[in-house]
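Worksheet for the structure shown next.
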Amino acid sequence: MNQPVPGQPAQIPVLALGDVLLVSLQGELHDGMAEQLQHDITSRIATHRVKGVVLDISGVDMVDSFLGRVLAEIASTASLLAARTVLAGMRPAVAITLVELGLTLPGLVTALDVDRAMELLSQRGS
Amino acid sequence: MQPSGQASATSLPIGSDADLAWVRQQVRQCAAQLGFGLVQQTKLVTAASELARNTLVHGGGGRAEITPLDNGRSRGLRMCFIDNGPGIRDLELAMTDGYTTGGGLGLGLSGAKRLVHEFSVDTEPGRGTTVTAVAWVAQVPASRPGVE
Amino acid sequence: MRVSEQDAAASAPRVVSSFLEQRREQIAQRWADAPLFRSVFTVSRDEAVEACKAVVDALSEAAVSGRLEDIKAPGLDAVRDQLGRMSATLARTGSTPAQIADEVAGLRASAVELLREEFADPSAAQAQEAVLALTLLLGTLRLVVMETALDANAELIERQRQQLLEVATPVIKLWEGTVAVPLIGTLDSARSQVVMESLLEAIVDQRARYAILDITGVPTVDSLVAQHLMKTVAAARLMGAECIVSGIRPAIAQTIVQLGIDLGSVLTRASLSDALAYALGKQGIEVSRSDAGASAR
């Protein structure tokens, strides 16, 4: 399903910073890439000691209900595996659109940027 | 009210994931050229994504038509999503928040409608579905159009 | 007698027309001192006289056509522009259309007085009819002015409405990491969009954790306003900031309850200072009075 597009990685890199996974989503996301990411994160949490996941979407210029659902599912799956997820860096235009769309993602913890997200995780996790 | 933009309609196929991304990019580019602001662009792209995904998932694929509009007072964008799929049996139900048959959040149609100015669905069971969404570049809205 | 009365009535417009033509200078001189012209042409009286002459000419032309009561009569169009500019000027200084119309009515007395002087016997049928015709004509002028004044007002209202929307909503940094928007006036959809966008931009710019929406200046909260507030709160939360709605006056709190509006999980505080205290407290910032001498010992 996820054919690579020139100039774009087919897979979203998942970075491990200590016991926190940092995922930077960038630009145009295909549905397949998002689903692949969901799978990658879940298996990383299951096999490594992961306390938290930071989903950085500061580089994403659109979140529709599909991506919204994927993000929420990553968070709830992670939570089942005892890891906390923070959604960081949502742009104002994206936030306005999501609210208008009717998607307020009530279960997700949010932060202004990655720094704040790491702060949040270290505060509550220790 | 001449359909002046008719000639410059862009038709895009919707048959895969990658096509959805292409539709979003085209809508973004077109909206930016027409002078839509960043928030409105984002709303349009998001609506296009929802509707194109509906066409792909429920309609079994189809096409999107993007048409720039100009009614003399304002510029706008019309997006049509056309499929020859099974159609929608209960439109009212399909337009309800949270109703889903496709495993999504059920915000596709109802959510997209909230992101644009004009919205209509033309569907017939067995004959397919055409969803039309129109948005106008927001100016300071004129309370009484036609009054100078 | 009846016949001559009818003759008088029929010839009255022409009598008025030639009167206006012959007495153009005197009428203009008198009108130039009337409040209507004086308040518009504050700098030059000569200009006022010229403007008055134009009006007199227009009325004369309208009289010749015999269409005394027709606001579309030929001639009147020529002064419509000028009257429009005049009433726009007056409107800007705060005159209502009714006041402007009254000032037009004030022109009648001086013109009628001059007209009466034209007749040896002011009580003659011919004189009466001429006065009546002039009165009708000035009544029509009053309508024309009223019409242009209302048009000018509508334009003014439209312009002000646009200005109101364009006024940048000030987002104020109250403290490191805390921003506030004082909302003033009615929150309609267009306005709340502007508010939402500027607040969210400020959250990014100031790296704010807390955003306060102060509605002290919002006259009423109905379900639509409540919806706008909740959307703004939800969008701010998605960006990682907590939103507090402050300035809910007792009367508004009652309305919210009576209308059965559910503000959901929106965090509220009675006043802006309460909201600030909450935001500071959450950030571990304590504000205390430095009592006299307490620190010295």
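Protein chains in written order, with UniProt numbering: chain A, 1 to 126; chain B, 1 to 148; chain C, 1 to 297. Where a beta carbon is used, it is the ideal one built from N, C-alpha and C, also for glycine. Remember, it's a predicted structure, so these values are computed and weren't measured experimentally.
Item: Which residues, taken in chain order from the stretch 234-261 of chain C, show a beta carbon closer than 7 Å to some beta carbon of chain A?; Value: Ala234, Ala235, Arg237, Leu238, Met239, Gly240, Ala241
Item: I'd like to know if leucine 98 of chain A contacts chain C, where contact means its C-beta is closer than 8 Å to some C-beta of that chain.; Value: yes
Item: Using a C-beta to C-beta distance shorter than 8 Å, which residues of chain A count as neighbours of arginine 24 of chain B?; Value: Glu28, Met62
Item: Anything in chain A within Cβ reach of methionine 196 of chain C, meaning under 7 Å, just list it in chain order.; Value: Ile96
Item: With 9 Å as the limit, tell me which residues of the stretch 77-90 of chain A have their beta carbon closer than that to any beta carbon of chain C; keep them in chain order.; Value: Val86, Leu87, Ala88, Gly89, Met90
Item: Can you pull the chain C neighbours of leucine 112 of chain A, defined as C-beta to C-beta under 9 Å?; Value: Ile203, Val204, Arg207, Ala208, Arg209, Met239, Gly240, Ala241
Item: Decide if histidine 117 of chain B is buried, meaning its Cβ has at least 16 other Cβ atoms within 10 Å, or exposed.; Value: exposed
Item: Please classify threonine 268 of chain C: does DSSP put it in a helix, a strand, or coil?; Value: strand
Item: Roughly how many angstroms lie between the CA atoms of serine 65 of chain C and alanine 73 of chain C, to the nearest whole one?; Value: 7 Å
Item: Does serine 120 of chain B come out as helix, strand or coil in the three-state DSSP assignment?; Value: strand
Item: How long is the line joining the alpha carbons of serine 271 of chain C and isoleucine 215 of chain C, rounded to whole angstroms?; Value: 9 Å
Item: Using 8 Å as the cut-off, can you tell me whether the stretch 112-121 of chain A makes contact with the stretch 126-135 of chain B, which would need three or more C-beta pairs spanning the two stretches below that distance?; Value: no
Item: Work out the CA separation of methionine 62 of chain A and leucine 71 of chain A for me, nearest whole Å.; Value: 13 Å
Item: Which stretch, first to last residue, makes up the beta strand (DSSP E) that contains serine 39 of chain C?; Value: Careful: serine 39 of chain C lies outside any beta strand (DSSP E) and carries neither H nor E.
Item: Using alpha carbons as the reference points, say which of C/Ile212, C/Glu197, C/Arg249, C/Arg237 lies closest to valine 221 of chain C.; Value: C/Arg249
Item: Shortest alpha-carbon distance to arginine 53 of chain B belongs to which of B/Phe36, B/Gly87, B/Gly15?; Value: B/Gly15
Item: Using CA coordinates, which residue listed in A/Gln38, A/Val54, A/His39 is at the minimum distance from glycine 18 of chain A?; Value: A/Val54
Item: Going by DSSP in three states, phenylalanine 119 of chain C sits in which element: helix, strand or coil?; Value: coil
Item: Run through DSSP, which three-state label would glycine 52 of chain A get?; Value: strand
Item: For phenylalanine 41 of chain C and arginine 67 of chain C, I'd like the C-alpha separation in whole angstroms.; Value: 30 Å
Item: Would you check if there are 3 or more beta carbon pairs closer than 8 Å linking the stretch 116-128 of chain C to the stretch 89-99 of chain C?; Value: no
Item: Going by beta-carbon coordinates alone, are leucine 15 of chain A and leucine 22 of chain A separated by less than 8 Å?; Value: yes
Item: Mapping DSSP to helix, strand and coil, what is glycine 15 of chain B?; Value: coil
Item: Compare the Cα-Cα distances from glutamine 123 of chain A to each of A/Leu105, A/Val86, A/Gln11 and report the closest residue.; Value: A/Val86
Item: Where in the stretch 3-80 of chain B do unbroken runs of the alpha helix (DSSP H), each at least 4 residues long, occur, reported from the N-terminal end onward?; Value: 17-34, 38-57
Item: Indicate whether the contact test is met: 3 or more Cβ pairs, each with one atom in the stretch 92-107 of chain C and one in the stretch 169-182 of chain C, closer than 8 Å.; Value: no
Item: Would the beta-carbon of alanine 241 of chain C fall within 8 Å of that of tyrosine 210 of chain C?; Value: yes
Item: Mind pulling the chain A residues with CB within less than 8 Å of threonine 55 of chain B?; Value: By Cβ distance, chain A contributes nothing, its closest Cβ being about 13 Å from threonine 55 of chain B, past 8 Å.
Item: Using the DSSP secondary-structure output, state which residues sit across from isoleucine 157 of chain C in a beta bridge.; Value: BP columns for isoleucine 157 of chain C are empty, so no partner.
Item: Within 10 Å of its beta-carbon, does valine 94 of chain A have 16 or more other beta-carbons around it, so buried, or fewer, so exposed?; Value: buried
Item: Restricting to Cα atoms, I'd like to know which of C/Leu59, C/Leu213, C/Glu113, C/Ile157 is closest to valine 145 of chain C.; Value: C/Leu59
Item: Quick check: the Cα distance between threonine 132 of chain B and arginine 24 of chain B, rounded to an integer number of angstroms?; Value: 16 Å
Item: Which chain A residues are close to leucine 136 of chain C, counting only those with a beta carbon under 7 Å from its beta carbon?; Value: Under the 7 Å cutoff, chain A gives no residues; its nearest Cβ is about 59 Å from leucine 136 of chain C.
Item: Would a check of beta-carbon distances place proline 141 of chain B closer than 8 Å to chain A?; Value: Annotation note: pLDDT 41 at proline 141 of chain B (below 50); position unreliable, coordinate value reported separately. Cβ-Cβ to chain A under 8 Å: no for proline 141 of chain B.
Item: Could you check the C-alpha separation between serine 110 of chain B and isoleucine 66 of chain B for me, to the nearest Å?; Value: 20 Å
Item: Quick one: grab the DSSP three-state call for valine 221 of chain C.; Value: coil
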